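Numbering-wise, the sequence shown is residues 1 to 314 according to the UniProt record's numbering.
Data first, discussion second: the structure below is written as structure tokens.
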Amino acid sequence: MTTTDPFPGFHVQAGKAADGPYAVDITPERAGWGYSSLRVLELPPGGSHSLATGDSEWIVLPLSGGCTVIAEGEAFELHGRESVFSGVSDFVYLPRDSHAQIASGAGGRFALTGARCERRLPARYGPASAVPVELRGSGNCSRQVNNFAAAAPAGGGKSGGSFECDKLIAVEVLTPGGNWSSYPPHKHDQCRPGEESELEEIYYFEIAEAHGNEGIGYQRVSPSGHGRGTDVLAEVRSGDTVLIPDGWHGPSIAAPGHDMYYLNVMAGPEEERAWLICDHPDHGWIRSTWPDQPVDPRLPLYQAPDSAPAGDPR
């Protein structure tokens, strides 16, 4: 049974966000906010799906398998990947006020990350080789970030790479089993130019199996004194999502023996598309310990074809 009712809480378990062809269908209306969306489309072998982009820009990102995306009179072939734990994927950007057809000969699962926007940018292909793979933190705070739709720094500076969108920011994070990521806890729920961006965020989780057993992880969000007072302590499994309209978010904890993947989707009302965060004042000191510790030797779990990972102290 499918539903389009608003979610009763911020932790949405696998299956509870399903609607029609989507295993996950999180819209601004269902989340109770203004911009960020996430859909997970499951296609059987030979399956296809038509998408009207409406007032949002979208990125089609293979989670497993490959597909063909037809949009704006062009056919984009996505090679995809076996799973989110096996490699970086290519992707396609779809503009607002458009239509697209997604088809997969072998079948697969495809994330559609979306954001309400104003500008209509061209449809285009993002190769896996151009995705910056970044290592953040050190020691047991080490994690890998695939910045496939990251934003450039505020003020127009250059980073390790960014992909142009109007509002949408989206990245993948891989955390080795036993490690903490999204740490120190941070927030982006206020507009403070040059210091903090106002961004709604969705976390979508997949946990690697080990010895035939499903894995678990944990996600914390605590009130920041702004917005809805979001307060979450959730045991997360593959297919779960956590909605973060506001609040200090982190840590995201991977259980020992089970690597954790999450897809972050962010968007907000600010004119400048930027990811500016504020660390929790009780925990930000942990960053000062990172230069004295090595990055977890298990990282990177993989890297983009023909590219090397870039280090980043965040």
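Ideal Cβ placement from N, Cα and C applies to all residues, glycine included.
A quick note: this is a predicted structure, and the numbers were derived from the prediction, not measured.
Exercise for the section: Pair every Cβ in the segment 7-15 with every Cβ in the segment 232-244, then say whether three or more of these pairs are closer than 8 Å. Expected result: yes
Exercise for the section: Return the chain-ordered ranges of every beta strand (DSSP E) run that is complete within the segment 16-94 and spans a minimum of 3 residues. Expected result: 22-26, 36-43, 47-52, 56-71, 74-81, 91-94
Practice task
Could you tell me which of Gly-137, Asp-166, Ser-98 sits nearest to Glu-118, measuring between CA atoms?
Solution key: Looking at the Cα atoms, Asp-166 is the closest of the given residues.
Exercise for the section: Say whether the segment 99-108 touches the segment 29-47, bearing in mind that this needs 3 or more beta-carbon pairs closer than 8 Å, one atom from each stretch. Expected result: yes
Exercise for the section: Tell me, please, whether the CB atom of Ala-123 is closer than 8 Å to any CB atom in chain D? Expected result: Here there is only one protein chain, and chain D is not present.
Practice task
Please name the residue, chosen from Ala-128, Pro-251, Asp-55, Glu-272, that lies closest to Ser-37 on a Cα-to-Cα basis.
Solution key: The shortest C-alpha separation from Ser-37 is found at Asp-55.
Handout entry: Candidates Ser-138, Tyr-218, Tyr-183, Glu-206, of which the one nearest Val-84 by Cα
Key = Glu-206
Exercise for the section: Rank His-258, Val-88, Tyr-125 by C-alpha distance to the C-alpha of Ala-210 and give the top, closest one. Expected result: His-258
Handout entry: Limits of the beta strand (DSSP E) - the one that residue 372 falls within
Key = Any question about residue 372 goes unanswered here, given that the chain covers just 1 to 314.
Exercise for the section: Would you give the residue range spanned by the beta strand (DSSP E) that Asp-259 belongs to? Expected result: Run containing Asp-259: none; DSSP gives neither H nor E here.
Exercise for the section: Quick one: using the 10 Å Cβ neighbour count with 16 as the cut-off for buried, is Lys-158 buried or exposed? Expected result: Unreliable placement is indicated for Lys-158, whose pLDDT of 40 sits below 50; no coordinate value is reported for it.
Handout entry: Residue from Pro-291, Asp-90, Asp-19 with nearest C-alpha to Val-131
Key = Asp-90
Problem - Best match in Val-265, Cys-141, Gln-303 for proximity to Pro-184 [C-alpha to C-alpha] - result: Cys-141
Exercise for the section: Determine the direct distance from the alpha carbon of Gly-268 to that of Gly-215, and round the result to whole angstroms. Expected result: In this structure, the CA atom of Gly-215 is about 32 Å from the CA atom of Gly-268.
Problem - Run of the beta strand (DSSP E) containing Cys-191, from where it starts to where it stops - result: 189-192 is the extent of the beta strand (DSSP E) around Cys-191.
Problem - Whole-angstrom distance between Gly-212 and Gln-190, CA atom to CA atom - result: 43 Å
Problem - Straight-line gap, Leu-276 to Tyr-22 (C-alpha atoms, nearest Å) - result: Tyr-22 has its alpha-carbon roughly 31 Å from the corresponding atom of Leu-276.
Handout entry: Beta carbon of Thr-175 nearer than 8 Å to that of Ser-224
Key = no
Practice task
Please report how far the alpha carbon of Val-133 lies from the alpha carbon of Pro-62, in whole angstroms.
Solution key: 17 Å
Practice task
List the residues that DSSP assigns as beta-bridge partners of Asn-146.
Solution key: Val-133, Glu-172
Exercise for the section: Just mark Trp-33 as buried or exposed, buried being the case when its beta carbon has 16 or more other beta carbons within 10 Å. Expected result: buried
Problem - Close-in-space but distant-in-sequence residues of the same chain around Asn-146 (CB under 7 Å, 5 per side omitted) - result: Val-88, Val-131, Val-133, Val-171, Glu-172
Practice task
May I ask which residues mark the beginning and end of the beta strand (DSSP E) holding Ile-202?
Solution key: 200-207
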